[in-house]
Amino acid sequence: MGEATPKNDAVAVIRLVAEFVQELSSSQLDDLLTGRSKLAIKPAGSGSERGAQRRKPAPSKEEIRTALDRLYSIQSREEGEKLLEERFSSRAALEALARYADLPVQSRDTVQSLRNRIIESTIGYRLRSRAIQGRADTAQRTQSTDA
Numbered sequence: 004m005g006e007a008t009p010k011n012d013a014v015a016v017i018r019l020v021a022e023f024v025q026e027l028s029s030s031q032l033d034d035l036l037t038g039r040s041k042l043a044i045k046p047a048g049s050g051s052e053r054g055a056q057r058r059k060p061a062p063s064k065e066e067i068r069t070a071l072d073r074l075y076s077i078q079s080r081e082e083g084e085k086l087l088e089e090r091f092s093s094r095a096a097l098e099a100l101a102r103y104a105d106l107p108v109q110s111r112d113t114v115q116s117l118r119n120r121i122i123e124s125t126i127g128y129r130l131r132s133r134a135i136q137g138r139a140d141t142a143q144r145t146q147s148t149d150a
């Protein structure tokens with residue numbers, strides 16, 4: 004590497020900040036840009052880093068794709084809720100799943116609101132559609148027997 008100069012040090016810091024910002028979710032970036040969050044310097048080995056080591060790793064795209072395929076085939080909201088609780092228990096994991104499914108995610112979303120949105124978009128809409136079609140079929144049969 005080159006000689007340590009104030010200019011080189013500044014460039015190194017900018018690179019670190021850029022890498023950090025690239026890892027932010029869009030809601031975190033929005034919070035930072037609007038002033039709801041701020042960047043802070045913490046000593047290495049601080050409590051937040053130790054907490055990050057205990058967290059589950061983010062789900063892979065393959066895990067997300069498999070889970071979405073499963074959700075699209077599940078026949079009840081309860082089964083979907085159970086799947087999400089078991090495999091996507093963190094907000095970050097649910098956010099990744101929602102984004103992959105092209106669902107809107109907002110910084111104020113809770114774990115439960117994300118679960119509900121995912122379930123409604125993968126399972127709930129099918130159940131509602133079947134219920135409506137079932138009523139329409141019943142109404143048509145009733146009308147044809149009355150004639």
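In this note's numbering, the protein residues as written are 4 to 150.
Note that CB positions come from ideal geometry on N, CA and C, so glycine has one too.
Short Cβ contact (8 Å threshold) for residue i with residue j
i, j, result
"Ala-21", "Ala-61", "no"
"Ala-70", "Arg-94", "no"
"Asp-33", "Ser-110", "yes"
Member of the options whose CA lies at the smallest distance from the CA of residue i
i, options, result
"Ala-104", "Ser-93, Lys-64, Thr-113 and Arg-111", "Lys-64"
"Gly-38", "Ser-30, Gly-137 and Leu-19", "Ser-30"
"Leu-27", "Arg-68, Ala-7 and Leu-42", "Leu-42"
"Ile-67", "Lys-45, Leu-130, Ser-40 and Ser-92", "Ser-92"
"Arg-133", "Val-24, Ser-40 and Ser-79", "Ser-79"
"Val-3", "Ile-44, Leu-36 and Ser-40", "Nothing about residue 3 can be reported from this structure: the residues present for the chain run from 4 to 150 only."
Whole-number beta carbon distance between residue j and residue i, since they are thought to touch under 8 Å
i, j, result
"Leu-74", "Gly-83", "6 Å"
"Ala-101", "Leu-117", "6 Å"
"Ile-121", "Leu-106", "7 Å"
"Ile-126", "Ile-77", "6 Å"
- Item | Ordered list of alpha helix (DSSP H) runs contained in the segment 88 to 129, each at least 4 residues | 94 to 103 and 114 to 122
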